[in-house]
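Chains as they are written, first to last, in our numbering: chain Y, 39 to 414; chain R, 39 to 414; chain C, 39 to 414. For each residue, glycine too, the CB sits at the ideal point set by N, CA and C. Below you'll find the structure, written out as structure tokens, and then a few comments.
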Amino acid sequence: MTSNPSQKAIRSATDWPVNAWYVAAASDEVGTSVLGRRICGLPVAMFRAADGVVAAMEDFCPHRGAPLSLGFVRDGQLVCGYHGLAAECTGRVASMPGQRVGGFPRIRSFAVVERFGFIWLWPGDPDFADPGKLPQLEWADSPDWAYGGSRFHVLCDYRLMIDNLMDLTHETYVHGSSIGQKEIDEAPVKTRKIGQNIITSRFMDRVKAPPFWRMALSGVGLPQDEAVDRWQICRFSLPSSVMIEVGVALAGRGGYDAPDNVKVSSIVVDFMTPETEKSHHYFWGMARKFAVDDPLLTDKIRDGQFQIFREDLEVLERQQANLDSDQGRRLLLLNIDAGGARSREMIEAAITKETLGNPTPGNEHPLGSDRDRMSR
Amino acid sequence: MTSNPSQKAIRSATDWPVNAWYVAAASDEVGTSVLGRRICGLPVAMFRAADGVVAAMEDFCPHRGAPLSLGFVRDGQLVCGYHGLAAECTGRVASMPGQRVGGFPRIRSFAVVERFGFIWLWPGDPDFADPGKLPQLEWADSPDWAYGGSRFHVLCDYRLMIDNLMDLTHETYVHGSSIGQKEIDEAPVKTRKIGQNIITSRFMDRVKAPPFWRMALSGVGLPQDEAVDRWQICRFSLPSSVMIEVGVALAGRGGYDAPDNVKVSSIVVDFMTPETEKSHHYFWGMARKFAVDDPLLTDKIRDGQFQIFREDLEVLERQQANLDSDQGRRLLLLNIDAGGARSREMIEAAITKETLGNPTPGNEHPLGSDRDRMSR
Amino acid sequence: MTSNPSQKAIRSATDWPVNAWYVAAASDEVGTSVLGRRICGLPVAMFRAADGVVAAMEDFCPHRGAPLSLGFVRDGQLVCGYHGLAAECTGRVASMPGQRVGGFPRIRSFAVVERFGFIWLWPGDPDFADPGKLPQLEWADSPDWAYGGSRFHVLCDYRLMIDNLMDLTHETYVHGSSIGQKEIDEAPVKTRKIGQNIITSRFMDRVKAPPFWRMALSGVGLPQDEAVDRWQICRFSLPSSVMIEVGVALAGRGGYDAPDNVKVSSIVVDFMTPETEKSHHYFWGMARKFAVDDPLLTDKIRDGQFQIFREDLEVLERQQANLDSDQGRRLLLLNIDAGGARSREMIEAAITKETLGNPTPGNEHPLGSDRDRMSR
């Protein structure tokens, strides 16, 4: 977490902010072996030191360039699997067989924090890596909630996934057999900026519950064939997450504000971590407040999400290919796109601020309104 | 078929004429679902409207760029599978959930005609898309003929396939076990331009019938071990087809002009439709005038062609790779190459004419003699 | 072996010397069929003429660019599989069906020699291709030695493999379960230039034999659990081979110079032939002086080497990918890297000499000391 003045200057990226916390892995992905993964364009080797604390450094041995993630952990140090260079968590080279390593350059290390079941990495300047800036995930450490999730590697710009999640109109078309329903695209959508979030909400009163929610109603002993009030509240936060409050309540009982015993609700969790300009790691899951002691239900929901999100992948990857083959073409920007559009504006503003070179810790990001640049 | 003035200007291609009819699909490839295919460099979505009439438009939703071919047909309109934009056959956007679509740009549509068991697409200016310019395929709609065929996706410039088909010398080498025979490369070949066709013909008198023709002779009750007179007449037409009249007659009975009861003959059908500069869709088949009521024979011939044409694929794709790795190298141009060479001249002239901007409907293409440009 | 003045000028490569003998294939790879392989960036077709003598020419038919390696050998000539052009071993076109070939350009041919069980190819000017410059391989044609080996296609610069082989420190890390042992990286390494070789040697006295050598000791009836003196002497020669004398002797009996009856030793044979700038053909094997009449042991050793060398492949290919993603980054150059570094200097000097245009036969290459250019 401490600054490392000897490492090379942090370059500003043009496709994502770098002074921010990104989900780099789920906690259980980093065990006794080393995990190599490209995060925000950077090759990263993650491992657990002897005390179980996660460390991350550039996945590039300064000796001959071999990936450190092919190595192993010994006494809390990461040992290169080619010639045995051993580095401390800080990136300092501790030893190498037959060598004096005092003059060896330090390996670039990254600020990482493990919290909420994820490993969070700050690709930018470690001086600004304040754990206080991590998002607050109420559902993650509370016995009132259950969580299940997984990860996809997606061959498209992470912002196409944000567009997707900030406009659930697509559910009617892409997910017709599970969570989509005709009323979604008939209900008006409202997009606002509240604090540092972009929020898109949609409320559907007195509709028939789609299959996913019928299963959930049934799971908590509520009737699944009665009319329900349904809601979807998508919340984008920098650098790249979308939390979606979703649920249904028996119709006329207060909807979103109905008492717990007549509704089922959950939060769809989405972290999009850029890998390259045209690919990202998509960490998804669902946190729910009902039937939290039913691990079989957790598995069932995760399987369902797996099927649903997989339907998005083909559309998004083919959309990316289409955009690649006709670069520069302008797309439409409709009211339903406002959620994605304003989220992108927020990202753009954060990038611009970093590029201008003033990432003072604690500063808030002023939001620009330059929609022109935002063509996809 | 009507002009669409609002769509963007038709760019001239440099590798193929665009104001021409190309085979885009076999009729049975387009059913209730939408077919996405790149034709002459353009992404195309083809579908059947309610009346069964085939329509084609750009495979790119103007909203967010998703491929329309991932969508579906509803009430004769093509509906995008992402957010539900619905377009008429003409490319006019008819509706979208929650949107006023009056100001939406029109989707580029293509002139298409279904005829002879194929779907023909005109990639260029729809104003010039005259169905009267379709080729006349006498074998396609006649009870005197039987037809069977299929399609290959080939990773080479479509013109390498034209070269291949306009010079059957290669049969001796590539197809030695089926249709090749030593006499092919010993017989002189003659290339002429007749009207708008380049014709390469070769006649082999008193030869032994190769395996394919022995099978055919046997199939109509003729002796398969007698000497035969054999012919191959290759006919190139713009933009990119080669029809090859092939056959054998019992020797000395008139050859090509022998009466039907002492010969077997057929037409090898080849439509090469560019996909990209280095790949094409190859629609191939055989139309025959003998044993037309024998569908098992149709299958057997198609299987045989499949095996034979597959032998060409490796040679052609490796040839393309070789040419790619040493660009600009000049090749030889021999008498046997005249068929391909003159066909390429005809293509070049058509492209030049389009590039000069004078594609007046009904005009004929003057043939240039600039062989120098024709190095492959 | 004779010069071919009509062929195009030999371009100097910038990644390898061209006026040198490279292993192009093992003898048994070229039989009755034609072998196509890219050698030093050049597409090469190798075949055996009627007398069994190996010939090599460019794998590119001058007619239409098809690969000649798809063809076949007839009467000692290489016949193109597309249209039947037939070439003599010298590259002269001998015939083509229906053509007068007197004016046909000659196909570029390469000097090749078959010796020591390999086919050696000289990619540069055939005028300088002196068989006297072939390396002397004492183990190859002697009844006192047995040899077994094979080939890998490796996706990295051939020089990364030279680095690997000229610094066996990596054995401790990459090959811990077979030939690696802790004492390797503790023993000092010494690098010298002797004549036209770079030699890196390491001697480990009174160590425990690692699994491979225990197997070898056991195979000749020596105790496998006694302390041994172990040695590794790596010898690089231009253009790109590393011969490694390896062995163990019962401790205190003279080590490398111990009598034959108390030691086992062999030569690890490595020829790295560039394919492209980022890939090479790796011919590897082991020549041994013990148990030479035991073909089962030959197989067993080859299987063992196969497993060991395969461990190197992942490291090297991932190292190449890492270097590619951060080009221009400088690596460390340590004492253990001296063997690879000085070998690269020798390669660089040979390339420079060729580039300056003075490859006089018989000249020796002066060694530059410009280490700065040698960053990988």
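**OP:** Would you kindly check if the distance between the Cβ of R:V302 and the Cβ of R:L255 is under 7 Å?
**Re:** Start at 1 with the first residue of the second sequence, and residue 255 of chain R comes out as number 217. Start at 1 with the first residue of the second sequence, and residue 302 of chain R comes out as number 264. Against a cut-off of 7 Å, the Cβ pair of R:V302 and R:L255 comes out as a contact.
Original post:
Can you check whether the CB of Y:M95 is closer than 7 Å to the CB of Y:I145?
Top reply: Taking the first residue of the first sequence as 1, we reach residue 145 of chain Y at position 107. Taking the first residue of the first sequence as 1, we reach residue 95 of chain Y at position 57. Yes, the pair counts as a contact, with Cβ atoms nearer than the cut-off.
Original post:
Would DSSP call C:V300 helix, strand or coil?
Top reply: Numbered from 1 along the third sequence, position 262 holds the residue referred to as residue 300 of chain C. Helix.
**OP:** Kindly list, in the order they appear in chain R, the residues whose Cβ is closer than 9 Å to that of Y:L193.
**Re:** To locate residue 193 of chain Y, count along the first sequence from 1; it is residue 155. None at all; the shortest Cβ gap to chain R is about 14 Å.
Subject >> the stretch 279–288 of chain R contacting the stretch 146–153 of chain R, beta-carbon criterion three pairs below 8 Å >> reply: no
Original post:
Of the choices Y:V227, Y:L372, Y:A388, whose alpha-carbon is the least far from that of Y:S275?
Top reply: By one-based count along the first sequence, residue 275 of chain Y stands at place 237. Shortest Cα-Cα distance from Y:S275 to any of Y:V227, Y:L372, Y:A388 involves Y:A388.
Original post:
Of all the CB atoms in chain C, is at least one closer than 7 Å to the CB of R:H208?
Top reply: Residue 208 of chain R sits at position 170 when you count from the first residue of the second sequence. Output row for R:H208: interface = yes.
Original post:
If Y:A272 and Y:L175 are in contact, beta carbons under 8 Å, what's the gap, nearest whole angstrom?
Top reply: For the purposes of this step, residue 272 of chain Y is taken as the residue at position 234 of the first sequence. For the purposes of this step, residue 175 of chain Y is taken as the residue at position 137 of the first sequence. Inspection of the sequence shows that residue 272 of chain Y is occupied by Cys rather than by Ala. Actually they do not touch by this definition, with Cβ atoms about 16 Å apart.
Subject >> is_contact[C:Q45, chain R] using C-beta, thresh 7 Å >> reply: Stepping through the third sequence from its first residue, residue 45 of chain C is reached at position 7. The pLDDT assigned to C:Q45 is 35, lower than 50, so where the model puts this residue is not dependable; a value taken from the coordinates is nonetheless given after this. By this cut-off, C:Q45 is not an interface position.
Original post:
Do you know offhand how far C:R138's Cα is from R:L372's?
Top reply: Position 100 of the third sequence, counting from 1, holds the residue named residue 138 of chain C. Position 334 of the second sequence, counting from 1, holds the residue named residue 372 of chain R. Taking the straight line joining both Cα atoms gives about 10 Å.
**OP:** For the stretch 197–243 of chain R, list the beta strand (DSSP E) runs that are entirely contained and at least 3 residues long, ordered along the chain.
**Re:** 227–232
**OP:** Out of C:R75, C:C99, C:P135, state which residue places its alpha-carbon closest to the alpha-carbon of R:V227.
**Re:** Locating residue 227 of chain R in the second sequence gives position 189, where the first residue counts as 1. It is C:P135.
Original post:
Closer than 7 Å, CB to CB, is C:E355 near chain Y or not?
Top reply: The residue given as residue 355 of chain C occupies position 317 in the third sequence. False, the Cβ-Cβ gap to chain Y never drops below 7 Å.
Subject >> Inter-residue CB distance, C:A325 and C:W158 (contact presumed, cutoff 8 Å) >> reply: Start at 1 with the first residue of the third sequence, and residue 325 of chain C comes out as number 287. Start at 1 with the first residue of the third sequence, and residue 158 of chain C comes out as number 120. About 17 Å; that fails the 8 Å criterion.
Original post:
If contact means a Cβ-Cβ distance below 9 Å, which residues of the stretch 313–332 of chain Y contact chain C?
Top reply: Those residues of the stretch 313–332 of chain Y that come within reach of chain C (Cβ to Cβ, closer than 9 Å) do not exist; the list is empty.
Original post:
Opposite Y:M84 in the DSSP bridges: which residues?
Top reply: Walking along the first sequence from the start, residue 84 of chain Y turns up at place 46. Residue pairing by DSSP places Y:M84 opposite Y:L73, Y:A94 in a beta bridge.
Original post:
Quick one: what's Y:V151 bridged to in DSSP?
Top reply: Walking along the first sequence from the start, residue 151 of chain Y turns up at place 113. Its beta-bridge partners are Y:W158.
Original post:
From R:G342 to R:R102, what does the alpha carbon distance come to, in whole angstroms?
Top reply: On the second sequence, residue 342 of chain R is found 304 positions in, with the first residue counted as 1. On the second sequence, residue 102 of chain R is found 64 positions in, with the first residue counted as 1. About 45 Å.
Original post:
If you drop the 5 nearest sequence neighbours on each side, which residues of the same chain put their C-beta closer than 6 Å to that of Y:R244?
Top reply: The sequence position of residue 244 of chain Y within the first sequence is 206, counting from 1. Result list for Y:R244: A265, A289, in chain order.
Original post:
Does DSSP put R:A104 in a helix, in a strand, or in coil?
Top reply: Counted from its first residue, the second sequence places residue 104 of chain R at position 66. R:A104: coil per DSSP, three-state reduction.
Original post:
Where does C:G292 fall in DSSP's three states?
Top reply: The sequence position of residue 292 of chain C within the third sequence is 254, counting from 1. Note: C:G292 maps to coil in three-state DSSP.
**OP:** Round the Cβ separation of R:G187 and R:V307 to the nearest angstrom and send it over; I've been treating them as touching at under 8 Å.
**Re:** Here residue 187 of chain R refers to the residue found at position 149 when the second sequence is read from its first residue. Here residue 307 of chain R refers to the residue found at position 269 when the second sequence is read from its first residue. Contact holds; Cβ gap of about 6 Å.
Original post:
Is there a Cβ from chain C that is less than 7 Å from the Cβ of Y:H213?
Top reply: Position 175 of the first sequence, counting from 1, holds the residue named residue 213 of chain Y. It does not; no Cβ of chain C falls within 7 Å.
**OP:** Would you mind stating whether C:L73 and C:C99 have Cβ atoms separated by less than 7 Å?
**Re:** Here residue 73 of chain C is taken as the residue at index 35 of the third sequence, counted from 1. Here residue 99 of chain C is taken as the residue at index 61 of the third sequence, counted from 1. The Cβ atoms of C:L73 and C:C99 lie no closer than 7 Å to each other.
Subject >> In DSSP terms, what Y:L371 is bridged to >> reply: Numbered from its first residue, the first sequence carries residue 371 of chain Y at position 333. DSSP output for Y:L371 lists no bridge partner at all.
**OP:** Please name the residue, chosen from R:G378, R:A64, R:D97, that lies closest to Y:V353 on a Cα-to-Cα basis.
**Re:** Position 315 of the first sequence, counted from the start, is the residue given in the question as residue 353 of chain Y. Residue R:D97 is the option with its Cα nearest to Y:V353.
**OP:** Assign R:V11 to one of two classes, buried (16 or more other C-beta atoms within 10 Å of its C-beta) or exposed (fewer than that).
**Re:** Since the first residue of chain R shown is 39 and the last is 414, residue 11 of chain R is not available in this structure.
Subject >> Per-residue burial, C:N57 [other beta carbons within 10 Å of its own, 16 or more giving buried] >> reply: Mapped onto the third sequence, residue 57 of chain C falls at position 19. Flag for C:N57 reads buried.
**OP:** Give me the Cα-Cα distance between R:W251 and C:G69, rounded to the nearest whole angstrom.
**Re:** Taking the first residue of the second sequence as position 1, residue 251 of chain R is located at position 213. Taking the first residue of the third sequence as position 1, residue 69 of chain C is located at position 31. Roughly 34 Å between the two C-alpha positions.
**OP:** Anything in chain C within Cβ reach of R:S363, meaning under 8 Å, just list it in chain order.
**Re:** Position 325 of the second sequence, counting from 1, holds the residue named residue 363 of chain R. For R:S363, the C-beta contacts it makes with chain C under 8 Å involve P81, in order along the chain.
Original post:
Going along the stretch 363–386 of chain Y in order, which residues come within less than 8 Å of chain R, judged by CB to CB distance?
Top reply: S363, D364, R367, L369, L370, L372, N373, I374, D375
Original post:
Does any CB atom of chain B fall closer than 7 Å to the CB of Y:F98?
Top reply: Among the protein chains in the structure shown, which are Y, R and C, there is no chain B.
**OP:** Establish whether the CB of R:D308 and some CB of chain C are separated by less than 7 Å.
**Re:** For the purposes of this step, residue 308 of chain R is identified with residue 270 of the second sequence, where counting begins at 1. R:D308 does not count as touching chain C.
**OP:** Please confirm if R:N360 has its CB atom under 7 Å from at least one CB of chain C.
**Re:** Counting from 1 along the second sequence, the entry for residue 360 of chain R is found at position 322. So, interface residue.
Original post:
Could you give the distance in angstroms between the alpha-carbon of R:D195 and the alpha-carbon of R:F344?
Top reply: Your numbering for residue 195 of chain R matches position 157 in the second sequence. Your numbering for residue 344 of chain R matches position 306 in the second sequence. Straight-line Cα distance between these residues: approximately 20 Å.
**OP:** Please compile the residues from chain Y whose C-beta is within a distance smaller than 7 Å of the C-beta of R:L276.
**Re:** Within the second sequence, residue 276 of chain R is the residue found at index 238, counting from 1. Chain Y residues near R:L276: none, gap ~27 Å exceeds 7 Å.
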